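Visitor: Take this structure first; my questions come after.
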Amino acid sequence: MSNPRVVSLAPSATATLSALDAAECLVGVTHHCEPPPTAGSAHDTDPVAVGGWTTPSLDRVAELDPDVVFTSDGLQAGIAEECRERGLAVDHREPATLADVLEGFRGIADAVGRPGAGAELAAEARERIEAIGDAAAGTGGDATDTAADRPVVYCEEWSDPPMAAGNWVPDAVRAAGGRYPFVDAGERSREVDPEAVAAADPDQVVVHVCGRGDRVDPATVADREWIDAPVHVIDDSLLNQPSPALIDGIERLAGLFADEGEP
Numbered sequence: 001m002s003n004p005r006v007v008s009l010a011p012s013a014t015a016t017l018s019a020l021d022a023a024e025c026l027v028g029v030t031h032h033c034e035p036p037p038t039a040g041s042a043h044d045t046d047p048v049a050v051g052g053w054t055t056p057s058l059d060r061v062a063e064l065d066p067d068v069v070f071t072s073d074g075l076q077a078g079i080a081e082e083c084r085e086r087g088l089a090v091d092h093r094e095p096a097t098l099a100d101v102l103e104g105f106r107g108i109a110d111a112v113g114r115p116g117a118g119a120e121l122a123a124e125a126r127e128r129i130e131a132i133g134d135a136a137a138g139t140g141g142d143a144t145d146t147a148a149d150r151p152v153v154y155c156e157e158w159s160d161p162p163m164a165a166g167n168w169v170p171d172a173v174r175a176a177g178g179r180y181p182f183v184d185a186g187e188r189s190r191e192v193d194p195e196a197v198a199a200a201d202p203d204q205v206v207v208h209v210c211g212r213g214d215r216v217d218p219a220t221v222a223d224r225e226w227i228d229a230p231v232h233v234i235d236d237s238l239l240n241q242p243s244p245a246l247i248d249g250i251e252r253l254a255g256l257f258a259d260e261g262e263p
């Protein structure tokens, strides 16, 4: 099955399929996905928008007669199960760490019959992460060797109430050369105690509010009494999406940390 009919209900899967040069197989996506111009070309169609990330029309999905449906995150677990109940083949992933995200590249590629592309994409991602770590260490070694010198970083995934980012974000901060004492890698994002953030005395604050892209005024965070550090707003897809965009996000973080660390 060289060109399966694919429905992606997860923006992360759509982005990964694009990086694998497999977006041509897409026949359906959500309104939140951003497929490339080549999407659907293997089936002489443009992908049909089947609804939102958590509110897709499964009737429309079924009508597209997909060979595989991609879902992601615990918020889509119920959707994945409903698809299976309809007799649809589902590839559902709930990555929790950076390692899980990289393994997902291979898994998604396998599901569309392109294992070689998946192995190549995962290897390229690891090489980029290693290069970031080497640069952060400044000695060609591992960034973890200079842990005491790394900046403390607070990453905010949601602002009302303030929530520290979890899952793979702690891994991403560490890979970029920072320290992240707010949530352990693999744990879900959680509401933070302002006093605990102030006590950690972060050197950098990164805001990447879900669904807002980079459309957040940094002053709304910088003006809080418990924030006393430079505030950077970045596109939320660079840290919140378990796709190749995350590697771009790690590189972006490393650049921020290096710029702020210069005299």
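The numbers in the working numbering rise by one with no breaks, and the one at position 9 of the sequence shown is 9. Quick reminder that beta carbons are idealized off the backbone N, C-alpha and C, glycines included. Since the structure is predicted, the reported quantities are computational estimates derived from the model, not experimental observations.
Quick check: the Cα distance between Gly51 and Val231, rounded to an integer number of angstroms?
Guide: For the purposes of this step, residue 51 is taken as residue 51 along the sequence shown, with counting starting at 1. For the purposes of this step, residue 231 is taken as residue 231 along the sequence shown, with counting starting at 1. Cα-Cα distance, rounded: 34 Å.
Visitor: Can you list, in chain order, the residues of its chain with a C-beta nearer than 7 Å to that of Asp142? Leave out the 5 residues immediately preceding and following it.
Guide: Translated into positions along the sequence shown, residue 142 becomes position 142. In this prediction, Asp142 has a pLDDT of 47, which is less than 50 and means its spatial position is unreliable; what the coordinates show is noted afterwards. Gly133.
Visitor: Label Glu81 either buried or exposed according to how many other C-beta atoms from any shown protein chain fall within 10 Å of its C-beta, with 16 as the threshold for buried.
Guide: Your numbering for residue 81 matches position 81 in the sequence shown. The residue in question, Glu81, is exposed, as its Cβ has fewer than 16 Cβ neighbours within 10 Å.
Visitor: When the Cβ atoms of the stretch 121 to 135 are set against those of the stretch 34 to 44, are three or more pairs found closer than 8 Å?
Guide: no
Visitor: Pull up the CB-CB distance for Ile234 and Val206, whole angstroms please, since I reckon it's below 8 Å.
Guide: On the sequence shown, position 234 is the one that residue 234 refers to. On the sequence shown, position 206 is the one that residue 206 refers to. Rounded to whole angstroms, the Cβ separation of Ile234 and Val206 is 6 Å, and the two are in contact under 8 Å.
Visitor: Between the Cα of Arg86 and the Cα atoms of Ser12, Leu238, Leu121 and Leu58, which residue gives the shortest distance?
Guide: Here the question's residue 86 lines up with position 86 in the sequence shown. Minimum Cα distance to Arg86 is reached at Leu58.
Visitor: Does the separation of the CB atoms of Ser72 and Ala10 fall below 8 Å?
Guide: Residue 72 sits at position 72 when you count from the first residue of the sequence shown. Residue 10 sits at position 10 when you count from the first residue of the sequence shown. Taking 8 Å as the Cβ cut-off, Ser72 and Ala10 qualify as a contacting pair.
Visitor: With 16 as the cutoff for other CB atoms within 10 Å, does Ala117 come out buried or exposed?
Guide: As a position in the sequence shown, residue 117 is number 117, starting the count at 1. Classification of Ala117: buried, given that the 10 Å Cβ count is 16 or more.
Visitor: Looking at the C-beta of Gln204, does it have a partner C-beta in chain C at a distance below 8 Å?
Guide: The structure shown contains no chain C, having only a single protein chain.
Visitor: Please return the same chain residues whose Cβ sits closer than 6 Å to the Cβ of Ala39, not counting the five positions on each side in sequence.
Guide: Position 39 of the sequence shown, counted from the start, is the residue given in the question as residue 39. Excluding sequence neighbours, Ala39 sits near Ala23, Leu26 and Pro47.
Visitor: Starting from the Cα of Asp201, find the closest Cα among His208, Trp226 and Glu187 and give me that residue.
Guide: Stepping through the sequence shown from its first residue, residue 201 is reached at position 201. Comparing C-alpha distances from Asp201 to each of His208, Trp226 and Glu187 shows the shortest one belongs to Trp226.
Visitor: Assuming Pro66 contacts Val152 (C-beta within less than 8 Å), just tell me the rounded distance between them.
Guide: The residue given as residue 66 occupies position 66 in the sequence shown. The residue given as residue 152 occupies position 152 in the sequence shown. Contact flag wrong, Cβ pair sits at about 45 Å.
Visitor: I'd like to confirm the pairing. Which residues does DSSP put opposite Pro56 in its beta bridges?
Guide: Here residue 56 refers to the residue found at position 56 of the sequence shown. BP columns for Pro56 point to Gly51.
Visitor: Which ranges would you report for the alpha helix (DSSP H) in the stretch 163 to 241 if only whole runs of at least 4 residues count?
Guide: 169 to 175, 194 to 200, 219 to 222 and 237 to 240
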